[in-house]
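Working notes, beginning with the structure itself.
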Amino acid sequence: MKLNGAQIVCESLLQEGVNVIFGFPGGKVIGLYDTIAKYPALQFVLVRHEQGAAHAADGYARATDKVGVCMATSGPGATNLVTGIANAYMDSVPMVAFTGQVPRADIGKDAFQEIDITGITLPITKHNYLVREASSLAETIKEAFYIAKTGRPGPVLIDIPQDVFVEQTEFHYPARVNLPGYKPTTEGHPSQIKKAAKLISEAERPVVVAGRGIHIAKAHEELKNLAEAAQLPVVTTLLGVSAFPQSHVLSYGMGGMHGMGYANKAVDAADLVIAIGMRFDDRFTGKVSSFAPHAKVIHIDIDPAEIGKNIRVDVPIVGDVKKVLKALQKVLEPKQHVAWLNQLDEWRHTYPCEVRECASVLPQYVMCELCNVTKGDALIVTGVGQHQMWAAQHYIYNKADTFISSGGLGTMGFGLPAAMGVKVGRPDETVWCIDGDGSFQMTLHELATIVQEKLNLKIAIMNNGYLGMVRQWQDLFFGKRYVATPLTGPDFVKIAEAYGMNGIRVTRPEDVRPAIERAMAHDGPFLVDFIVEPEENVYPMVPPGASIAEFLVAPKKEALTWSRRSTP
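Mapping of the sequence shown onto numbering that gives the first Met the number 0: residues 0 to 567, in sequence order.
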């Protein structure tokens, strides 16, 4: 049958199982939007800024294991997607972004709102396309979704000239793709798996470091089985948080720049590091030359480009994490590491994760109370900054894949639109957006989208009146010269009410739990503005240029004396 380009896009999306699109219209895509309106199976979420569309598609993809879809017009619409596309690329999130382009005859002539978006996004996409004929649309979309979700996931961009949307052609959606040069390795090499098993059996002080690859591969059970079979302590990266149940006896929390002190001590003292689905980025390794100085390294990752890129590897295994862990457990010998685990528990006692007593509201205390009220049964989505670290440190994540944040790009403003996408993808689950007053102000306009879509999303702002993470660096390393970090902001409760959302401000510790309970009981979106201690710092902290074993702890005046919290 003959269809025009806009109809082919919609039909192709349905073939790929897409039912939600995040976007913002414009002149070069108006024909596509007119067509989308005739497809009731395609839910369209109108954001207030294209960056919000990309972040929402990102959050939706992480929460559903589907490919997130976002759309924008040409020129500024397309460039406004760039930050969100880059964020998805750094964090390996499957996404397909559609952009409009000027008519084919105008390309290269500096037409109104013309931009070379394929050139701009070349370094931050797995692949991108400029579609010049309607006849190639279906095949292009099929390829784009396949590339986005296979191997190491990532974003793909499809740029479509305005006149291609109206051009008619025969529509046949291909059953399969033909990409002979693209063949991701999913099965780990048997001899490498045997070598890894041998190293594990010989190790006296092994440590597993689990990253986001566990979430991508849905290998949570395989990780748990492996850890229990060989009594392997498990440390996670920031994006690996919630890959392993934190109440498990073998869980030693998050490592890295703001990781637990005992987690960093474990990695530093290990004689074997088993890195699974992580890329040894600088925020985890600290000073590379001092990283795990006594350890041999097993690195399991689906992307061969990551292995050996930053850290010398003794046994590289390229493959799908889930399949590799299953194969590894089959040849693994059971073992115990009583003395090693006792040492780790001693370090856990020496460097506890607790909260000091304080007359004002501490953000760590807010996270502890949030965990208690929700019983650990919520999806936590954060922006970027101090609040992000406190959320990673002080909420207990026992459910798989319940912590969603911006890792590689560290994108302030990610939290609110990403949480919106998470809630669209998992409407029946409790979703909390944890944000800072700086990060929140970058994308707070998406409150309007949340209200319009009637999303029952809960929002907690850690409002300290600073760009807190930068201020912390100024405090510790720049003589307390607070340049461009004191931050004014609006009355967030009034802002929420102006958008049609309920809200409340909290200034006293005794009001923290009641406010959270009130938000949870409210049937609809709810914002809580926590006025927290202005100059509270995140500890532990690895200083720049130091090894992860050289972390700073809270000064004595900030002694950790308050019991952490009850375990959900």
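Cβ coordinates follow ideal geometry from the N, Cα and C atoms, glycine included.
query	result
Contact the stretch 333-343 vs the stretch 219-236: 3+ CB pairs below 8 Å	yes
N86 in three-state terms, based on DSSP	helix
Residues that W431 bridges to, as DSSP identifies them	I379 and K457
Contacts around D90, its chain only, beta-carbon distance under 6 Å, and the 5 residues preceding and following it disregarded	G406 and G407
The stretch 370-380 in contact with the stretch 21-40 per 3-pair CB rule at 8 Å	no
Identified DSSP bridge partners for A71	T98
As assigned by DSSP and simplified to three states, the class of K37	coil
Bridge-paired residues (DSSP) for F21	V44 and C69
Close-in-space but distant-in-sequence residues of the same chain around V8 (CB under 8 Å, 5 per side omitted)	L31, T34, F97, L136, I140, I159 and F164
Those residues which DSSP pairs with T235 across a bridge	A209 and M253
Cβ neighbour criterion (16 or more within 10 Å) applied to K1	exposed
For A338, the three-state DSSP class (helix, strand or coil)	helix
Three-state class that DSSP yields for W561 in the structure shown	Caution applies to W561, whose pLDDT of 41 falls short of 50 and renders its modelled position unreliable; the value that the coordinates give is listed next. DSSP places W561 in strand when its eight states are reduced to three.
Beta-carbon proximity of D522 to R504, cut-off 7 Å	no
Proximity below 7 Å, CB of I273 to CB of I297	yes
Residue environment, S246, which counts as buried when at least 16 other CB atoms sit within 10 Å	exposed
N3, enclosing beta strand (DSSP E) - first and last residue	K1 to N3
Where D281 falls, given that 16 or more other Cβ within 10 Å makes a residue buried	exposed
Range covered by the beta strand (DSSP E) that runs through K295	K295 to D300
Helix, strand or coil at L156 according to DSSP, with G and I counted as helix	strand
7 Å CB neighbourhood of I114 in its chain, flanking five on each side removed	S73, G74, A77 and T78
A87 and C69 closer than 7 Å at C-beta	no
Through-space distance from A548 to Y574, alpha-carbon basis	Since the displayed the chain opens at 0 and closes at 567, residue 574 lies outside it and no answer follows.
R480, buried or exposed, once every other Cβ within 10 Å from all chains shown has been counted against 16	exposed
C-beta contact flag for L454 and K493 at 7 Å	no
Selection from Y38, A36, S200 and T82 that minimises the alpha carbon distance to A56	T82
Simplified DSSP state of N371, which is helix, strand or coil	helix
7 Å Cβ cutoff met for V537 and Q385	yes
Test item: CB-CB of A326 and I192 under 7 Å	yes
Cβ-Cβ distance between M253 and A391 below 7 Å	yes
Contact set for F144: own chain, Cβ-Cβ below 7 Å, skip 5 residues either direction	E15, V66 and V95
Distance between beta carbons of F402 and V240, contact taken as under 8 Å	4 Å
Start and end residues, alpha helix (DSSP H) containing P513	V511 to A520
Distance, F525 Cα to Y172 Cα	43 Å
Proximity of E452 and P416 at Cβ, strictly below 7 Å	no
Whole-angstrom C-beta distance between K217 and F243, which should lie under 8 Å	About 13 Å separates the two Cβ atoms, so there is no contact after all.
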